[in-house]
Amino acid sequence: MSKPAAPFTPLNIAVLTVSDSRTLSEDTSGQYLADSLTEAGHHLADRQLITDDIYQIRAVISGWIASPDVHAVITTGGTGFFIRDSMPEAVSVLFDKSIDGFGEMFRLISKDEIGMSTVQSRAVAGMANGTGIFCLPGSSGACRTGWENILKEQFDSRTRPCNFVPHFLAQNPSHD
């Protein structure tokens, strides 16, 4: 007899766009993420757009990490190699644990879309105070790749054999 499917558990997810040139009304990548997570049944906990400044990034994300009402953070922008691209440096120091496989899988998947240019992606992820932080490049295409091919499934409590939801909710499911 098969085990019944686990129920869907909606998460509270915050979206942060880092850009020195866009406004919130021009932010197609952040809007894509906000729309996609709500279409999947999750709640948009907050959405902000700030300039690419290490300390502003840390301040916003630290606030979300400290909030019991935010389970995960998805960022877009600031992962390149230009002088102002500082997302990995800003967030990595906040991680209690890195999720190395996220960046590795993002680059593997995006190779089919953008070829070897994927080596310039500095997509990173980690956990801090039980909150997942997932940093994607700033293009809408990169956000679509990250959401559709990695995050959508890993934020779904029904995904087997495992997903991130128990970690965000501080649960330790049985491994049967």
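When we follow UniProt numbering, the leftmost residue of the sequence shown carries the number 1, and every step to the right adds one.
By construction, the Cβ of each residue, glycine as well, lies at the ideal position given by its N, Cα and C atoms.
These numbers come from a predicted model, not from an experiment.
In the three-state reduction of the DSSP assignment, residue 94 falls in the coil class. The Cβ-Cβ distance between residue 92 and residue 124 falls below 8 Å.
Under the Cβ criterion (8 Å, minimum of three pairs), the stretch 36-48 does not count as touching the stretch 159-171. Under DSSP, residue 43 takes part in a beta bridge, and its partners are 12. The C-beta of residue 13 has 16 or more other C-beta atoms within 10 Å across all chains shown, which makes the residue buried. Listed in chain order, the non-local C-beta contacts of residue 71 below 6 Å within the same chain comprise 11, 12 and 168, local neighbours out to five positions each way being set aside. Sixteen is the threshold: since fewer than 16 other Cβ atoms of the shown chains lie within 10 Å of the Cβ of residue 96, the residue is exposed.
In this structure, residue 74 keeps its C-beta atom at 8 Å or more from the C-beta atom of residue 60.
Annotated three-state conformation of residue 60 is helix, per DSSP. With 16 or more other Cβ atoms from the protein chains shown falling within 10 Å of its own Cβ, residue 142 counts as buried. Taking the C-beta atoms as reference points, residue 57 is found nearer than 8 Å to residue 90.
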